[in-house]
Ligand code: PXP
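In my numbering, the protein residues as written are 65 to 305.
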């Protein structure tokens with residue numbers, strides 16, 4: 065038996081911090097706890113609107129993370145320059161729309177080959193490995209190979225949102241076929257988006273998928289698992305002599 069690599073996305077620790085403009089909870093602290101228990105990689109998304117992770121978080125993470133730092137970002141000139149300056153171990157290029165709640169759909173690599181190829185080579189020249197976040201679609205995988213990416217991360221959102229058994233099987237088969245094809249082309253294969261304790265198993269079981277990047281469900285579960293302890297601490301703190 066062996067375990068697939070787990071990338072822990074700590075964006076939503078920062079979401080809670082940003083909701084009140086406090087210094088806590090600190091996503092760097094969460095990253096170190098994740099590493100302490102065995103996470104293989106820390107993933108953060110520096111969004112153009114800076115709604116959760118801030119530039120300072122990225123800089124401190126670069127100093128503190130000891131496993132691997134995976135920076136998700138849009139393929140813009142601004143973001144490529146930030147990445148080249150800070151030097152994460154890996155960049156995952158994602159599509160980004162300001163109004164979206166989260167990353168909806170994969171990157172259209174096939175439709176933007178020239179600009180994505182430019183971003184990929186600039187990042188690789190700086191010693192950063194590049195992964196492209198794409199839908200489980202042959203055309204996008206072929207294009208990812210053509211632009212020289214090191215890896216693809218397959219978007220599992222539609223599989224995670226599937227309602228009927230038929231939809232679930234169809235989405236899982238599409239992810240399996242895409243993973244196999246990407247592997248045949250020599251790309252490393254990761255998966256992510258919407259994965260949790262109940263739907264993650266079948267994805268981890270796909271042979272060619274080497275890594276999962278998971279955030280929202282982990283932060284959500286951590287809040288509930290730690291709630292009794294936090295309330296208990298406060299009750300103790302309210303004891304007076
Ligand atoms: N992988 C990528 C490329 C993402 O954009 C995200 C969301 O930021 C994730 C993984 C993590 O998704 P989730 O928070 O739903 O686990």
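Cβ coordinates follow ideal geometry from the N, Cα and C atoms, glycine included.
The C-alpha of residue 89 is placed about 25 Å away from the C-alpha of residue 303.
Residue 197 and residue 298 have their C-alpha atoms roughly 42 Å apart. Each of 261, 132, 135 was checked against the Cα of residue 224, and the nearest Cα belongs to 261.
A distance criterion of 7 Å places the beta-carbon of residue 263 beyond contact range of ligand 1, judged by its closest non-hydrogen atom. Residue 204 counts as buried, since no fewer than 16 other beta carbons sit within 10 angstroms of its beta carbon. Here residue 185 is exposed: its Cβ has fewer than 16 other Cβ atoms, across all protein chains shown, within 10 Å. Taken through DSSP and simplified to helix, strand or coil, residue 205 comes out as helix. In the three-state scheme derived from DSSP, where H, G and I count as helix and E and B as strand, residue 71 is classed as strand. In this structure residue 220 is in contact with residue 239, their Cβ atoms being roughly 7 Å apart against a cut-off of 8 Å.
Of the residues assessed, residue 130 falls on the exposed side of the cut-off, its CB having fewer than 16 other CB atoms within 10 angstroms. In this structure residue 273 is not in contact with residue 241, their Cβ atoms being roughly 12 Å apart against a cut-off of 8 Å.
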